[in-house]
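Protein chains: 2
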Amino acid sequence: MKHSNTAQIKPPANLGQFLSSIPLFNACTAKEIEGLLEGAIAERHGKGYLLFSYGAEAQRYYVIKNGWVKLYRETLDGAQAIIDVLPQKHIFGETAIFEDNTYPYSAEVIENAEILSLPLKKLKSLIESNPKFALSMLTSMARYRRHQDLEIEHRSLQNAPQRIGCFILRLTPAHTDPQEKGPITIHLPYDKTMIAARLGMQPETFSRALGKLRQATNIEVKGSTIEIADLESLIGFTCSACTNEFPCHDIDCSSCSS
Amino acid sequence: MKHSNTAQIKPPANLGQFLSSIPLFNACTAKEIEGLLEGAIAERHGKGYLLFSYGAEAQRYYVIKNGWVKLYRETLDGAQAIIDVLPQKHIFGETAIFEDNTYPYSAEVIENAEILSLPLKKLKSLIESNPKFALSMLTSMARYRRHQDLEIEHRSLQNAPQRIGCFILRLTPAHTDPQEKGPITIHLPYDKTMIAARLGMQPETFSRALGKLRQATNIEVKGSTIEIADLESLIGFTCSACTNEFPCHDIDCSSCSS
DNA sequence: GCTTCGCCTTGACCTTTATCAACCATCCCT
DNA sequence: AGGGATGGTTGATAAAGGTCAAGGCGAAGC
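Following this line, the structure appears as structure tokens:
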């Protein structure tokens, strides 16, 4: 295999600072962070690396330092359902605590990534000992829930070009003003095929739908670079089939746990 | 309007016992239950009664004593996205605590229902003061998350007849043996139109898809009564496009909060 | 009894998306 | 430069589901 499962150990450094920068751990003391980090492992993985499989026994949860990870499940005949595709700073695998200590989905690296893995045991004891942290955790889960609700909504109300438009809009910088005039340039963060799967459509449909979107909203597509000439037009086309107003940015899911 | 928004006050009685029977509150002491119930209101509402609207300020959360409630959001032009349809013993509206104290969806009664509403304040202080309860809450949210993940999966992998089949299977008693031979009779719990919306399809599609399902699996449909002659056949047809094995029953979502 | 209304079904037609197949572009490797 | 991945696009066709319009049917009301 080309994108084989390369994994290298990297000397842990500054991990505490990194963890603290994640909203879920915002309120943790230095001591607590230190506790969470006991037994931490930081690794670099190539595209295609399987972090864990659905149903496997869970001892660790994961934090993305950079890169992208997809969460999915698959049927007996190999069809995959993409549950989510996560960017840096996201946490995943931690819900195994609340199940029977097995992972409720599989997780695979889709863009070369640095991944931190931490013992679930420490997380669990922090939840149990610090009510404030439990509340953070709840807040984080509630955020994620809302993010998933939105996903369901998109699948029922938006068509393919609109789902792509929405995906693109959520890639614009978080502080973008809907009235913004000048052209905005964004880069697709991973393969188009993967984006298609993430949005619940076939690659062919994605390609064609992107074409329609281009025609309808004057965006320019060059490979994985997209230039939005007229933001308002894109918003008008996309968000008319959604219950949220523009600067939704996943309802700020930057602080989600998953 | 025919199904107008009737609401009657009902003398609260035995509410404590009812609350304790809900998994989320299982571990609560009698005293804690009593605290939660301070300011409780039990009401009966007719079909169509709007409990609260998306974005409204939230002071209370709700528990379904019986009947059915739909959670949804809508676009400016009136299209609704059904987020979920909840049966008795479910809790909803409680996530407002973790947002900005507004409801993240609208909630409407769809079958005459008895609904209990409780002050969010008391819930919040219980979470903060009792780490065990916070953990119950987390467990409950994690369950719900899984339930929503499954929903997304169904929408990407199952076609209309399969989604209906899955819906029917989840209505069979929880202890049903997949090998069960004798015919099983179930009743659709609410309008077919509503089920269609819940499953993300049009009423016409539902009607036709139910026809296909009937042909494919030898179920018998008479109004809202369905007789499953051959359970294995129904399972085979339905669950082949799903990552779960049969007795999924929403991964026992009886203990979800929403 | 008849009427009415809400709910459900059916038919005809159209749009959207999936599927199958071929082809192109790019990058990488040697 | 050539060969082979990989990823993306395009065309033809089919299937699934949505839309519009009409009609059936049963429960509730008169």
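For the protein sequence lines, the chains are V and Y, in the order given.
For the first sequence, our numbering puts the final residue at 410, and the numbers step up evenly by one.
For the second sequence, our numbering puts the final residue at 410, and the numbers step up evenly by one.
Virtual Cβ for every residue (Gly too), placed ideally from N, Cα, C.
Computed from a prediction, not measured in an experiment: that's the story for all the values here.
Let me confirm a value: residue i is counted as buried when at least 16 other C-beta atoms fall within 10 Å, else exposed. Which label applies?
i: Lys284 of chain V; result: exposed
i: Cys391 of chain V; result: buried
i: Leu268 of chain Y; result: buried
i: Gln354 of chain Y; result: exposed
i: Glu305 of chain V; result: buried
i: Pro325 of chain Y; result: exposed
i: Leu228 of chain Y; result: exposed
i: His197 of chain V; result: buried
i: Ala248 of chain V; result: buried
i: Asn166 of chain Y; result: exposed
i: Ser281 of chain V; result: exposed
i: Ala294 of chain V; result: buried
i: Asp236 of chain V; result: buried
i: Asp252 of chain Y; result: exposed
i: Glu356 of chain V; result: exposed
i: Thr291 of chain V; result: buried
Tell me residue i's beta-bridge partners as DSSP assigns them.
i: Lys222 of chain V; result: V:Val237 and V:Glu260
i: Ser269 of chain Y; result: Y:Ile193 and Y:Tyr214
i: Ile371 of chain V; result: V:Ile380
i: Thr254 of chain V; result: V:Glu209
i: Gln232 of chain Y; result: Y:Glu226
Within a Cβ cutoff of 6 Å, which residues of the same chain sit near residue i, ignoring the five residues on either side of it in sequence?
i: Gly191 of chain Y; result: Pro271
i: Glu260 of chain V; result: Leu202 and Lys222
i: Ser258 of chain V; result: Ser205, Tyr206 and Tyr224
i: Asn396 of chain V; result: none
i: Phe177 of chain Y; result: Leu171
i: Ile193 of chain Y; result: Ser269
i: Leu323 of chain V; result: Ile338
Using C-beta distances below 7 Å, list every residue in its chain close to residue i, excluding the 5 sequence neighbours before and after it, in chain order.
i: Leu383 of chain Y; result: Pro330, Glu332 and Ile336
i: Ile371 of chain V; result: Leu365, Ile378, Glu379, Ile380, Ala381 and Leu386
i: Ile234 of chain Y; result: Lys222, Tyr224, Ala349 and Arg350
i: Leu309 of chain V; result: Ala393 and Cys394
i: Ile279 of chain Y; result: Phe285, Ala286 and Met289
i: Leu188 of chain Y; result: Leu171, Leu270, Lys274, Leu275 and Leu278
i: Leu362 of chain Y; result: Ile316 and Val373
i: Thr254 of chain V; result: Gly207, Ala208, Glu209, Ala210 and Ala248
i: Ile347 of chain V; result: Phe319, Leu340 and Phe358
i: His401 of chain Y; result: Arg322 and Ala326
Let me know the secondary structure DSSP gives residue i once reduced to three states.
i: Leu203 of chain Y; result: strand
i: Glu246 of chain V; result: helix
i: Gln354 of chain V; result: coil
i: Gln300 of chain Y; result: helix
i: Gln169 of chain Y; result: helix
i: Glu397 of chain V; result: coil
i: Ile174 of chain V; result: coil
i: His100 of chain V; result: The question about residue 100 of chain V has no answer, for chain V in this structure spans 153 to 410.
i: Glu186 of chain Y; result: helix
i: Cys391 of chain Y; result: helix
i: Ala179 of chain Y; result: coil
i: Glu424 of chain V; result: No statement about residue 424 of chain V is possible, as the shown extent of chain V runs from 153 to 410 and does not include it.
i: Gly198 of chain Y; result: coil
In chain order, what residues of the same chain have a beta carbon less than 8 Å from the beta carbon of residue i, not counting five sequence neighbours either side?
i: Phe389 of chain V; result: Pro313, Gln314, Gly317, Leu365, Ala368 and Thr369
i: Gln232 of chain Y; result: Tyr224, Arg225, Glu226 and Ala349
i: Leu238 of chain V; result: Ile216, Trp220, Val221, Lys222, Leu223, Phe244 and Ser410
i: Phe398 of chain Y; result: Leu321, Pro330, Ile387 and Cys391
i: Ile174 of chain V; result: Val215, Lys241, Ile243 and Ser407
i: Ile185 of chain V; result: Gly168, Leu171, Ser172 and Phe177
i: Met153 of chain V; result: Reliability of the predicted coordinates at Met153 of chain V is poor, the pLDDT of 41 falling under 50, and no value is obtained from them.
i: Ser376 of chain Y; result: His339, Leu340 and Lys344
i: Gly352 of chain Y; result: Ile234, Arg307 and Arg315
i: Thr328 of chain Y; result: Ile336, Leu383 and Pro399
Considering just the uninterrupted stretch of the beta strand (DSSP E) at residue i, what are its terminal residues?
i: His119 of chain V; result: Lying outside 153 to 410, the shown extent of chain V, residue 119 of chain V is not represented and no answer is given.
Can you give me the start and stop residues for the alpha helix (DSSP H) that residue i sits inside?
i: Ala349 of chain Y; result: Lys344 to Arg350
i: Pro313 of chain Y; result: Ala312 to Leu321
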